[in-house]
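Worksheet: the structure to be examined is printed underneath.
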Amino acid sequence: MFTKVFLAAAFAALSMTTASAGDRPPGKVTVVFDRPIPNVPGKSMRGVLVEYGPGAGSPSHTHPKSAFIYATVLEGAIRSSVNGSPEKVYKAGENFVEEPGSFHGVSANASDTEPARLLAVFVLDSNEKELVTPARK
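This note's numbering puts the first residue of the sequence shown at 88, with every later residue one more than the last.
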């Protein structure tokens, strides 16, 4: 009887550990500017600061189909994969782009001990409200 109870408790503990290890804490997203582009009617530029604590990341997602995105890492290092490309780590000062309609499969802090920040600049249709759409599972 003791063995069954012990094994059940051990299995439950391992299940909780495994489940929580796969779930990354979310990042903090702040729109830092949003301006219409005067010489391109119907288009705006939005700057978004993404802050990841140690071990944090974003679920897989897409952005509006009208959005061209330029991102630069301000602090730490960011793991990223767009459109199924191999994961790459971008360090402070490095940048990447996402073409309109891209799928962002991985966006996460590359470190479990240090914070990371990036600035993403969107050029998109001015009427777009949602910048991120979580991927369907």
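Backbone N, C-alpha and C fix where the C-beta goes; we use that ideal spot for every residue, glycine too.
Fewer than three Cβ pairs drawn from the region 174 to 188 and the region 110 to 129 lie within less than 8 Å of each other, which leaves the two stretches out of contact.
With a threshold of 16 other beta carbon atoms within 10 Å, Gly163 meets it and is buried.
Comparing C-alpha distances from Arg166 to each of Val219, Tyr157 and Tyr139 shows the shortest one belongs to Tyr139.
Counting along the chain, the unbroken beta strand (DSSP E) around Lys178 starts and ends at Lys175 to Lys178. Annotation for Leu211: the continuous beta strand (DSSP E) segment containing it runs Ala203 to Asp212.
In its chain, beyond the 5 residues on either side, Ser131 and Ser213 have a beta carbon closer than 7 Å to the beta carbon of Pro123. If you ignore the 5 residues before and after Glu185, its C-beta comes within less than 7 Å of the C-beta of His150, Ile156, Val169 and His191, all in its own chain and listed in chain order. Judged by DSSP secondary structure, Glu186 falls outside any beta strand (DSSP E); it is assigned neither H nor E.
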